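Please read the structure below before turning to the comments.
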Amino acid sequence: VVPVSVPIRKSPTAIVRGGYDPITKTIFLSDRSWCRKTLIHELLHAVSYFTRVPKLFEVSRRESDFVEGLTEFLTGYVLYLKYGNCYTEWISGKYFVCSISYEKYVKLFGALAQVLIPIHDFVKLYVYDPNVDWFDEYERFLNRYGLEDFLVNKPRKKRKIPSVILLEDMAVEVLREKLGEEKVEEFRELLYEAPLDVVLDYSSMLK
C-alpha cells in the first residue's frame, strides 16, 4: 500500500481516491482523501480475477463500469458484514470520501441480487480462485441464468453496448419469462426509484 501526496487522476477531469496496479501489485491511496471503504475497494481489486488473470485485463479496461460497479457493490457487502458504521455512512453519503462510488452500477447489482442473482454467484465470478478457470465459471454463470455473453465475446450487433446495459436488459427478459411481469416491475422499482438503503439492503438479498 502506497500513500500518494498528489491526486490520483482517472482522466484530466476525474480524481479518484485510490487505485490498484496489477503489474506491481500495489495499492495507491490519495493522501487525506480516502477512508476504510476506499482501502477495501482496492483490496478487492487485488484479489479479483480481473487483476489476476492477464486474459481479463482487456475485459476489465473495456468493461470498467461492470468491474468497478461490482467491486463497489462487494465493498458495500464487506462493510455491511464487518463495519456497520461505515456501511451506514456509505449509504448516507454524508461524507463524500466515504460515499458510494459508481452508484448507478452498484444499484444494478443490488437490484439483481434482490430478485434474481444471489450475492454468492457474483462473488464466484469476481474473487480469484487459482483452482477455478474464470472462463468456465463465467460460462456456468451465463447458463444458470439464461444469459448471453455480455463481457467477453458480445454478439456482433451489441459490441458497442456497455455490458451493464446488456445485463440489465437480459435480466428484464429472464425475469419476465421465468417469474412474470410483477418481478420485472419490482426490479425496475428497485433500480430506478428505491432509496439506497432499500436497493442496497444486503439483508434482503439472495445469498
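So for the sequence shown, this note's numbering puts the first residue at 4; every next one is plus one. Ideal Cβ positions, reconstructed from N, Cα and C, are used throughout, including at glycine. Note that this is a predicted model, so its numbers are computed, not measured.
When the options are compared against residue i, the one with the closest alpha-carbon
i	options	result
S33	V4, P25 and R55	V4
Q117	V100, T54, D204 and R20	D204
F53	G183, D68, E189 and T41	D68
L154	V202, I164 and Y148	I164
S51	L77, L84 and C89	L77
V202	E180, E151 and Y108	Y108
T27	R55, I43, C38 and L42	R55
R35	Y83, F60, Y98 and P57	Y98
S207	I122, E106, L73 and G72	I122
I43	Y83, K58, F60 and S63	Y83
Residues of its chain near residue i, where Cβ-Cβ distance is below 6 Å and the 5 sequence neighbours each way are ignored
i	result
I30	V4, Y23 and E45
S102	G96
S104	E75
E192	none
A49	Y23
DSSP bridge partner residues for residue i (one or two, in chain order)
i	result
Y23	I30
N-terminal and C-terminal residue of the alpha helix (DSSP H) that residue i is part of
i	result
I122	I122 to Y129
E92	G87 to S95
K163	It is not in any alpha helix (DSSP H) - K163 carries neither H nor E in the DSSP assignment.
K210	Careful: K210 lies outside any alpha helix (DSSP H) and carries neither H nor E.
V118	E106 to V118
D132	That residue, D132, is in no alpha helix (DSSP H); it is neither H nor E in DSSP.
L182	Element bounds for L182: n/a, residue is neither H nor E.
E151	Per DSSP, E151 belongs to no alpha helix (DSSP H) and is neither H nor E.
With a floor of 4 residues, list each alpha helix (DSSP H) that falls wholly inside the segment 34-79, ordered by position along the chain.
-> Counting only runs of 4 or more, we get 39-49, 52-55 and 60-65.
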